[in-house]
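Enquirer: Take this structure, written in structure tokens, and hold onto it; I'll ask about it next.
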Amino acid sequence: MAEHQFDLVVIGGGPGGYVAAIRAAQLGMQTALVEREHLGGVCLNWGCIPTKALLRSAEIFHLMHHIGDFGFSAKELRYDFDKVIKRSRRVAGQLNRGVQHLLKKNKVTVFDGHGRLDGRQTVAIEKDGKATATIRAGHIILATGARARTLPGLEPDGKLIWTYKEAMVPDAMPKSLLVIGSGAIGIEFASFYDHMGAEVTVVEVLDRVLPVEDEEISALARKQFEKRGLSIHTDAKVSGLEARDGAVAARIEANGQEQDIRADRVVLAIGITGNVEGLGLEGTKVRIENSHVVTDQWLRTDEQGVYAIGDLVGPPWLAHKASHEAVVCVERIKGLNDVHPLDVTKIPGCTYCTPQVASVGLTERAAKERGFDVKVGRFPYVANGKAIALGETEGLVKTVFDGKTGELLGAHMIGAEVTELIQGYAIARQLEATELDLMHSVFPHPTLSEMMHESVLDAYGRALHF
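Residue numbers for the sequence shown follow the numbering used here, so the first one is 45 and each next one is one higher.
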């Protein structure tokens, strides 16, 4: 069994792990990356990227049913479901190969296998149950990600009851679907299968869909989902699932009443669990809380020389948060002077359903609870020229400001392409922009981004087009 010496080793090759390895190599560190399955991790292979490919197909099919509004006509609209799935997998494969190229380009040594801590500054690697290599390094970054959470009575079987993984590669299009959980993952799958023709029911244990979003945006989202035909139950839970005759029987409890439904398939989207098992953490000082590793602001664990990033640590569990943590962690290890801890309130979140939802910073409620004297601005899609031209008039841009200092506290958006627009507000948050900075910025016309400007103006009673 070979033994190797490196400056830094990363366990896990997802959007946190491979970025950490690349940045370390750029800074002159001899770097190794250990990955047991797919470079790019869940995000690239089974999450962020392939789901967006699926959603793009669903979006096109949805638009095809409205082409009459644009002066076109077509007969017998249909799709090849197998080709839709294959395109999604092809997109993921292309990016997987891209990650391999980037690691090779930056001279990162990649080890194929399962890595675990094996004593101080040591990582042991196994493949198919056999020890293959030992790596010694002064710094070890854990980036093993997370997996779908399950609950007693709601266990996936991979056939009728799915996690996100099975939901991306179904063998056939279900006629009916039950989605348990209405966070980003659940709502994206609900949106995809609804557009493709399934009868979709969503069950959420909390009092609203997309519960991490601003309450006003959540309410607008629910209104649009139900307008499309989704059946939504909030303040509700599924008390059990039973596979029966090629379908699933479920009992929904809500408002003191029970309702039995039957669906061809079920998607479990009830959160994630950190992949902390099999890492050799026993006997170390690494702490685990609620299945996730505890770190300080520099991503250090309580074990000297051991760090953790991404979905393995605290929320929000987003790929871009993992990548940013990777850079912060590595640059801090290297001792760079211009490194800053990550402020999670400056991380944008996006949900790629129809309509899209995006946000950054504090919700209106959170800002008030923190004692801010808030000013709130709103601007609707229906008053924007570009939105009308696109035929996308359902949506809202909402901004929240500190009434005393003018600081942009948060921004919340629902509508076409808001996942692309939100970065403007994310930059404003990072630069600590005030309302005057945004008011004095010139937004191009005609664009959807003009609504961002108008929302700021509206917070101060100066909206021009509404």
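C-beta: ideal position from N, C-alpha, C; glycine also. This one's a predicted model, so the numbers in the text were calculated from it and none came from an experiment.
Going straight from the alpha carbon of ARG100 to that of GLY91, what length do you get?
Expert: Going by the C-alpha atoms only, they are around 14 Å apart.
Enquirer: Along the chain, where does the beta strand (DSSP E) containing VAL546 start, and where does it finish?
Expert: Because the chain in this structure spans residues 45 to 510, residue 546 falls outside the shown range and cannot be described.
Enquirer: CA-CA distance, PRO392 and LEU475?
Expert: Each residue's alpha carbon lies about 14 Å from the other.
Enquirer: Quick one: what's SER220 bridged to in DSSP?
Expert: Beta-bridge pairing links SER220 to GLU243.
Enquirer: Over the uninterrupted alpha helix (DSSP H) stretch that includes THR465, give me the two end residues.
Expert: Here the sequence assigns Leu to residue 465, which means Thr is not the residue at that position. LEU465 -> alpha helix (DSSP H) spans 462–474.
Enquirer: From ASP289, GLN268 and ALA294, pick the residue whose C-alpha is nearest to that of ALA280; which is it?
Expert: For ALA280, the nearest C-alpha among the options comes from ALA294.
Enquirer: To the nearest angstrom, how far is the alpha carbon of THR278 from that of GLY225?
Expert: The alpha-carbon atoms of THR278 and GLY225 are separated by roughly 10 Å.
Enquirer: Taking only beta-carbon atoms, is ASP172 less than 8 Å away from chain D?
Expert: Any reference to chain D falls outside this structure, which holds one protein chain only.
Enquirer: With distances taken Cα to Cα, identify the nearest neighbour of ALA455 among GLY57, ALA102 and THR443.
Expert: Nearest C-alpha to ALA455: THR443.
Enquirer: Between the alpha carbons of GLY315 and THR207, how many angstroms are there, rounded?
Expert: In a straight line, the C-alpha of GLY315 is about 10 Å away from that of THR207.
Enquirer: Would you mind working out which of GLU47, PRO399, GLY58 and LEU325 sits nearest THR463, comparing C-alpha positions?
Expert: Per the Cα distances, PRO399.
Enquirer: Sort out for me which residues DSSP pairs GLY521 with in a bridge.
Expert: The structure shown does not extend to residue 521, since the chain spans only 45 to 510, so no value can be given for it.
Enquirer: CB GLY447 to CB THR478, shorter than 8 Å?
Expert: Result no, Cβ atoms of GLY447 and THR478 do not sit closer than 8 Å.
Enquirer: For PHE236, does the count of other Cβ atoms within 10 angstroms reach 16, so buried, or fall short, so exposed?
Expert: Burial call: buried.
Enquirer: Note down, one range per segment and in chain order, each alpha helix (DSSP H) of at least 4 residues found wholly within the stretch 366–414.
Expert: Counting whole runs of 4 or more residues, the stretch 366–414 contains the alpha helix (DSSP H) stretches 408–413.
Enquirer: For LYS419, does the count of other Cβ atoms within 10 angstroms reach 16, so buried, or fall short, so exposed?
Expert: By the neighbour-count rule (16 or more Cβ atoms within 10 Å), LYS419 is buried.
Enquirer: State yes or no: is the C-beta of ASN89 within less than 8 Å of the C-beta of ALA46?
Expert: Their beta carbons are not under 8 Å apart, which means ASN89 does not touch ALA46 by this criterion.
Enquirer: How is ALA507 classed by DSSP in three states: helix, strand or coil?
Expert: Coil, per DSSP.
Enquirer: To the nearest angstrom, how far is the alpha carbon of GLU413 from that of GLY405?
Expert: Between GLU413 and GLY405, the C-alpha separation is close to 14 Å.
Enquirer: Name the two residues that bound the continuous beta strand (DSSP E) containing LYS151.
Expert: Neither: LYS151 is in no beta strand (DSSP E) and is coded neither H nor E.
Enquirer: Please look up how many angstroms separate the CB atoms of VAL282 and VAL167, rounded, as I've assumed it's under 8 Å.
Expert: With a Cβ gap of about 41 Å, VAL282 and VAL167 do not count as contacting.
Enquirer: Mind checking which residues open and close the alpha helix (DSSP H) that includes TYR208?
Expert: Note, TYR208: alpha helix (DSSP H), 208–212.
Enquirer: Measuring straight from C-alpha to C-alpha, what distance separates GLY61 and LEU83?
Expert: So the two alpha carbons sit approximately 9 Å from each other.
Enquirer: Taking the alpha-carbon positions, what's the ALA192 to ILE129 distance?
Expert: So the alpha carbons of these two residues sit roughly 21 Å apart.
Enquirer: Answer yes or no: do CYS394 and ILE458 have a C-beta to C-beta separation smaller than 8 Å?
Expert: Cβ distance not < 8 Å, so CYS394 and ILE458 don't count as in contact.
Enquirer: Could you check which residue in THR317, GLY227, GLU259 and GLY58 has the C-alpha nearest to that of VAL143?
Expert: With distances taken between Cα atoms, VAL143 lies closest to GLY58.
Enquirer: Straight-line CA distance for LEU386 to VAL372?
Expert: Looking at the two C-alpha atoms, the distance is approximately 8 Å.
Enquirer: By a C-beta neighbour count over all protein chains shown, 10 Å radius and 16 as the cutoff for buried, is THR389 buried or exposed?
Expert: THR389 should be labelled exposed.
Enquirer: Determine the closest residue to THR188 out of LYS171, ILE169, ILE353 and ILE276, with distance taken between C-alpha atoms.
Expert: The residue with the shortest Cα to Cα distance from THR188 is ILE353.
Enquirer: Using 8 Å for Cβ pairs, my map puts ALA363 next to PHE233. What's the rounded Cβ distance?
Expert: That pair is no contact at about 17 Å.
Enquirer: By Cβ distance, which residues of its chain are closer than 6 Å to HIS384, with the 5 residues on each side in sequence left out?
Expert: Here the set comprises nothing.
Enquirer: What does a CB cutoff of less than 7 Å around GLY157 pick up in its chain, not counting 5 residues either side in sequence?
Expert: Result list for GLY157: VAL78, ARG80, ILE169, GLU170, LYS171 and THR176, in chain order.
Enquirer: Between the beta-carbon of MET212 and the beta-carbon of SER117, is there less than 8 Å?
Expert: Taking 8 Å as the Cβ cut-off, MET212 and SER117 do not qualify as a contacting pair.
Enquirer: Taking only three categories from DSSP, how would you classify ALA307?
Expert: Three-state DSSP puts ALA307 in a strand.
Enquirer: Relative to the alpha-carbon of ILE190, which residue among GLU270, GLU436 and GLY358 has its alpha-carbon at the smallest distance?
Expert: The question names Ile, but residue 190 is Ala in the sequence shown. Checked all of GLU270, GLU436 and GLY358; the closest Cα to ALA190 is GLY358.
Enquirer: Quick one: does the C-beta of ALA313 sit closer than 7 Å to a heavy atom of the ligand FAD?
Expert: With respect to the ligand FAD, the structure offers nothing, as it holds no ligand at all.
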